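Note that the working numbering has the sequence shown beginning at 43, numbered continuously upward. Every residue gets a Cβ at the ideal spot worked out from N, C-alpha and C, and that includes glycine. These numbers were taken from a predicted model, which means no experiment stands behind them.
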Amino acid sequence: MKYLQSIEHYSTTRPHAPAIRTSAGERMSYQELWQASEAIAQLVERTAPSADSPVMVYGNKEPLMVAAFLACMKAGHPYVPVDRFSVPAERAASIARQLSHPLLIAVAEAPFEVVDAADAVLDAAMLRACIEAGGSSSHARWIDGEDLCYILFTSGSTGAPKGVEVTAGCFDGFCSWARDLGGAPRDGRVYLDQAPFSFDLSVFELACALATGGSLYSLTHETQASARGQFEALSSSGVNVWVSTPSFAELCLADEAFGADALDGVELFLFCGETLTNATALHLMERFDGATVVNTYGPTESTVAVTDIVVTPELARLDMPLPVGTPRPGTRLRIVDEAGADVGASCWGEVVIEGDTVARGYYGRADLTEAVFGTAMLDGRLVRSYRTGDEGRLDELGMLHYRGRLDLQVKLHGYRIELGEIEEGLRRLPGVSAAVVTTVEHGGKVSHLVGHVVADVPADTSAFRAGLAIKDELKARLPHYMVPKKIVFHDAFPMTGNGKVDRRALAAQGR
Ligand code: AMP
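Written out as structure tokens, the structure reads:
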């Protein structure tokens, strides 16, 4: 795998250069990272229940998380990152069960439900002891080509998260494209690492930083919990490449002091995952004079991102939403109608991605895979294709414009959410007979979710208290960002003329 070869190269040519620093003061040099991942790889080889079985890696932003990811790549196993703050215990356990009881690398202490659903557990003390003792991986087991690199679990409309299977080839291909975004990389750049490792945005910095001899500056959950602490950490981070969702940058922009005076090293902003508004791009260009802003687009199913565009002030000042860019080499985009036929030039339709970044499918879910993944011929090669569910248009320059979703998937503060998964979670609660989740938008973005339920509320309980109880139940099962802000009780849902629940009418009632 080219990615591992690059890191091996830096571990010998610049052994003491930092590979990872965290806002909690932890650090790991290239040599330490390499040696730690070698030793852990040997342990994984010995402990995993079967060859190439998935390995769940549980924690937050500890450098050992990254060492464990590399170890899995070296030992021939896909890693499944689970962020302990974004993924509640019950959900993590359900992921482990979907993986048929995997080896669990618990960098941070895992809740008993998760341990219970694992085949065996390697905890932080065991990892440290094994690193101390040293060890080496066998190159023959390193993943390559069609071997799975990682499985990322993302919200699923049928009520359970689904695991996107990304191959070593997809990952290497993404690395060699993404590292040059915004211009050929300078040696030793510092990349912001903010998104939890269970979201594919974090693959951006993991791939780019370590493939170019740069380093990650990881913001821990604790640091991100305090605006002041986060600002101070960012100011002293030396970050050169900012990788985040637009939402995170907007949160930072709310602080007047967020600009080049406080973060003087930032030279490049890389965005992905949700709409980058003209206003946000312009604010950033004003506050960070001379920095390059790049908008990229893509789903987890196509390895982070497949299009890019450098946003200039002239483009951002135009009275039209920013385009999301042109496809990277090795990717073809098609715009199709409901029947899957190409629409006319410059017409809106569903975006289909074809090429060497498209994932293999959803782990253990041939039914879901078949519904959206397929194959296509591209430049004489058979490649995979993926129907995104995104509504888009290709203009005469081959530039992709994005208009939203064709289904009930939404983005809230950059997090991908299937409303259907929350609805299913609500329906499973005692006393709830029907559930619909709607969104409230502000400034063109989803600002919060509203859960509508038809439910029995005991006579001595107020709707407010009953709503709180429902939210508490959901919190135990779903990530915090999927819990609706407000629960509205109905005797019955309004219906449209063709007998479906009238989501629009409900949305109007839920504001
Ligand atoms: P995720 O799998 O979490 O990366 O979410 C993928 C979805 O995010 C895509 O299918 C789009 O709906 C949305 N998305 C990704 N990039 C952009 C972008 N640059 N602008 C608008 N929406 C985006």
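Sort the options by Cα distance to residue i and report the nearest one.
i, options, result
"Met168", "Ala78, Asp498, Val530", "Ala78"
"His532", "Val479, Val488, His490", "Val479"
"Gly406", "Glu132, Ser95, Arg56", "Ser95"
"Pro144", "Phe127, Pro123, Val400", "Pro123"
"Asp165", "Phe195, Val208, Val99, Glu460", "Val99"
"Ala321", "Glu343, Pro355, Glu309", "Pro355"
"Ser71", "Gly397, Tyr259, Gly367", "Tyr259"
"Thr417", "Ala323, Asp437, Ala162, Thr373", "Thr373"
"Ala253", "Ile62, Gly332, Gly446, Arg507", "Ile62"
"Asp498", "Ala511, Pro153, His490", "Ala511"
"Gly446", "Trp390, Val425, Gly462, Gly367", "Trp390"
"Pro60", "Val496, Ala387, Ala251, His263", "Ala251"
"Ala587", "Pro153, Gly280, Val149, Leu112", "The shown model of the chain, from 43 to 553, leaves out residue 587, and the question about it has no answer."
"Val414", "Arg423, Leu424, Leu223, Val400", "Val400"
"Pro472", "Glu463, Leu516, Gln451, Glu460", "Leu516"
"Ile147", "Ala90, Gly315, Val129", "Ala90"
"Gly255", "Leu261, Glu247, Ala477", "Glu247"
"Leu229", "Val496, Asn282, Phe195, Glu104", "Checking the sequence, you will find Asp at residue 229 rather than Leu. With distances taken between Cα atoms, Asp229 lies closest to Asn282."
"Leu615", "Asn540, Pro57, Gly541, Pro536", "Nothing can be reported for residue 615: it is not among the residues displayed for the chain, which extend from 43 to 553."
"Ala267", "Gln236, Ala249, Gly386, Ala135", "Gln236"
"Arg402", "Met107, Glu188, Thr54, Ala81", "Glu188"
"Ser65", "Gln551, His263, Ala476", "His263"
"Ile193", "Cys212, Ser278, Gly201", "Cys212"
"Trp219", "Asp437, Glu438, Val157, Asp398", "Asp398"
"Val129", "Met524, Ser180, Ala323", "Met524"
"Arg426", "Tyr52, Ser92, Met362, Glu343", "Glu343"
"Ala318", "Arg519, Ala534, Val336", "For the sequence presented, residue 318 should be read as Leu rather than Ala. With distances taken between Cα atoms, Leu318 lies closest to Val336."
"Glu396", "Leu375, Ala383, Val346", "Leu375"
"Leu310", "Gly332, Glu316, Leu293, Arg56", "Gly332"
"Glu87", "Leu424, Cys172, Met107", "Cys172"
"Val160", "Glu174, Arg329, Ser142", "Checking the displayed sequence, the identity of residue 160 turns out to be Ala instead of Val. Among Glu174, Arg329, Ser142, the Cα nearest to that of Ala160 belongs to Ser142."
"Arg519", "Glu155, Ile49, Asp421", "Glu155"
"Asp361", "Ala93, Leu324, Arg329, Pro371", "Leu324"
"Arg170", "Leu106, Met327, Glu316", "Leu106"
Assuming residue i and residue j make a contact with CB atoms under 8 Å, what is their CB distance in whole Å?
i, j, result
"Thr430", "Val488", "Actually they do not touch by this definition, with Cβ atoms about 18 Å apart."
"Leu190", "Pro120", "4 Å"
"Val530", "His494", "5 Å"
"Gly340", "Val353", "So it is not a contact: roughly 17 Å between Cβ atoms."
"Gly367", "Thr411", "Not really, about 27 Å apart at Cβ, beyond 8 Å."
"Cys217", "Tyr428", "Not confirmed; about 20 Å, so no contact."
"Val232", "Ser257", "5 Å"
"Glu392", "Leu448", "6 Å"
"Leu312", "Gly224", "7 Å"
"Ala81", "Gly177", "4 Å"
"Gly552", "Val496", "The pair is not a contact, with the Cβ atoms about 14 Å apart (cut-off 8 Å)."
"Ala110", "Val149", "6 Å"
"Pro521", "Arg133", "7 Å"
Can we count residue i as close to the ligand FMN, meaning its CB is less than 7 Å from some heavy atom?
i, result
"Tyr444", "Inclusion of the ligand FMN in the displayed structure is not the case, the ligand content consisting of the ligand AMP alone."
The region 463 to 478 in contact with the region 301 to 312 per 3-pair CB rule at 8 Å: no
Inter-stretch contact at 8 Å, needing at least 3 Cβ pairs: the region 371 to 385 / the region 230 to 242: no
Alpha helix (DSSP H) runs contained entirely in the region 365 to 434, provided each spans 4 or more residues: 408 to 414
Three-pair Cβ contact test at 8 Å for the region 442 to 452 versus the region 497 to 504: no
Beta strand (DSSP E) runs wholly inside the region 101 to 152, at least 3 long, in chain order: 121 to 125, 145 to 148
Contact between the region 285 to 299 and the region 446 to 458 (3+ Cβ pairs under 8 Å): yes
Cβ contact check for the region 105 to 117 and the region 181 to 198: 3 or more pairs under 8 Å: yes
Touch test, the region 354 to 369 against the region 205 to 215, Cβ-Cβ under 8 Å, three pairs minimum: no
Alpha helix (DSSP H) runs wholly inside the region 142 to 201, at least 4 long, in chain order: 154 to 158, 166 to 175
Runs of alpha helix (DSSP H) wholly within the region 457 to 527 (minimum 4 residues, chain order): 461 to 469, 505 to 519
Continuous alpha helix (DSSP H) assignments of at least 4 residues falling wholly in the region 283 to 354: 288 to 295, 320 to 329
Inside the region 220 to 246 only - beta strand (DSSP E) runs reaching at least 3 residues: 232 to 235
Inside the region 246 to 273 only - alpha helix (DSSP H) runs reaching at least 4 residues: 263 to 266
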